[in-house]
Ligand SMILES: CC(C)(COP(=O)(O)OP(=O)(O)OC[C@H]1O[C@@H](n2cnc3c(N)ncnc32)[C@H](O)[C@@H]1OP(=O)(O)O)[C@@H](O)C(=O)NCCC(=O)NCCS
């Protein structure tokens, strides 16, 4: 559980902490200037952080491309993992994508990254194909995953919550 996590927009002041998580999470990390440009110049980009007080516990980003939402990255600080932080970030991205008129969402994930794939499957993403040798550091394949009906997923989730709440 992560009761004290709050999701807010990523701003330049978050970038030092974001970069520490980025370097701990990816073999080919994005640079700080890339993130800076994403959050200050790219009108199609939406980046969020999961805050535990003043600490950035995790972050995620996406691009809006017509009526599709493309996840660019999601990462959680090693000390915060398996506490539902990524789940909160994902749910927030699904809801905000739908509000922007995107009912479909896609991402690429390393074939070996089974933990992340499990997370995405929880949100109704399913594998739709492979990009062979997509990751140039080790020539690993990317699994392309799609979530094709965000509204249906969120509706179903709300109905399940109502049932659990006895309504
Ligand atoms: C993948 C990542 C974002 C998950 O973040 P997290 O906050 O630990 O994930 P959550 O706690 O919200 O996990 C939700 C569910 O996803 C699945 N999951 C997440 N990480 C997992 C792992 N390492 N192994 C197996 N299942 C995992 C589980 O089903 C989990 O539910 P549970 O803990 O109740 O079993 C995090 O491990 C990370 O930053 N990894 C490095 C960067 C990365 O791989 N990003 C994805 C690139 S596509």
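In the numbering used here, the protein residues as written are 2 to 168.
By construction, the Cβ of each residue, glycine as well, lies at the ideal position given by its N, Cα and C atoms.
Computed from a prediction, not measured in an experiment: that's the story for all the values here.
Should residue i be labelled buried (16 or more other beta-carbon atoms within 10 Å of its own) or exposed?
| i | result |
| --- | --- |
| residue 98 | buried |
| residue 29 | exposed |
| residue 165 | exposed |
| residue 89 | buried |
| residue 39 | buried |
| residue 63 | buried |
| residue 60 | buried |
| residue 118 | buried |
| residue 70 | buried |
| residue 37 | exposed |
| residue 34 | exposed |
| residue 66 | exposed |
| residue 95 | buried |
| residue 10 | exposed |
| residue 17 | exposed |
At which residues does the alpha helix (DSSP H) containing residue i begin and terminate?
| i | result |
| --- | --- |
| residue 67 | Neither: residue 67 is in no alpha helix (DSSP H) and is coded neither H nor E. |
| residue 38 | 33–41 |
When DSSP labels each residue in this structure, what does residue i get in the three-state scheme?
| i | result |
| --- | --- |
| residue 135 | strand |
| residue 148 | strand |
| residue 83 | coil |
| residue 125 | coil |
| residue 160 | helix |
| residue 106 | strand |
| residue 22 | helix |
| residue 78 | coil |
| residue 112 | coil |
Specify, as a first and last residue, the run of the beta strand (DSSP E) that residue i falls within.
| i | result |
| --- | --- |
| residue 50 | 46–53 |
| residue 10 | 6–10 |
Evaluate contact between the stretch 104–113 and the stretch 134–143, counting only Cβ atoms and requiring at least three cross-stretch pairs below 8 Å.
-> Contact between the stretch 104–113 and the stretch 134–143 is present, because at least three Cβ pairs lie under 8 Å.
Determine, using beta-carbon pairs with one atom in the stretch 116–134 and one in the stretch 143–153, whether at least three such pairs fall under 8 Å.
-> With three or more CB-CB distances shorter than 8 Å, the stretch 116–134 counts as touching the stretch 143–153.
Do three or more CB pairs link the stretch 74–90 to the stretch 24–42 at distances below 8 Å?
-> yes
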